[in-house]
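Everything below concerns the one structure shown next.
Residue numbers (our numbering): 84 to 160.
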């Protein structure tokens, strides 16, 4: 599963009202500073989480997610 996020071993998590839009803005900012950056928005289907992968932070990704109170409730098993 970590292959989709380039094998990152750490993550900076930030709360955003619109995670995908915030991730796209962050990627655009990094690109404007000369870094590569891409957004992975469908890492976990059904969860409002978007990741930014960039060569600005080797081994680390940024994830944008909704506040915990706005996340889907876990399904009972």
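Yeah, the Cβ is synthetic: ideal placement off N, Cα and C, and Gly gets one too. Bear in mind that the values here come from a model prediction, so they are computed numbers and not experimental data.
Residues near residue i in its chain [Cβ-Cβ closer than 6 Å; skip 5 each side]
i: residue 94; result: 144 and 146
i: residue 139; result: 113 and 118
i: residue 110; result: 120, 122 and 135
i: residue 124; result: 103 and 133
For residue i, the first and last residue of its enclosing beta strand (DSSP E)
i: residue 112; result: From DSSP, residue 112 is part of no beta strand (DSSP E) but of the alpha helix (DSSP H) over 102-115.
i: residue 143; result: 143-148
i: residue 130; result: Counting along the chain, residue 130 falls outside any beta strand (DSSP E), and DSSP gives it neither H nor E.
Anticipated Cβ contact below 8 Å, residue i with residue j, distance rounded
i: residue 91; j: residue 99; result: Actually they do not touch by this definition, with Cβ atoms about 19 Å apart.
i: residue 148; j: residue 131; result: 6 Å
Same chain, Cβ closer than 8 Å to residue i, five either side skipped, listed in chain order
i: residue 116; result: 139
Chain-order list of residues whose beta-carbon lies under 7 Å from that of residue i (same chain, five-residue window excluded)
i: residue 107; result: 122
i: residue 142; result: 91, 92 and 93
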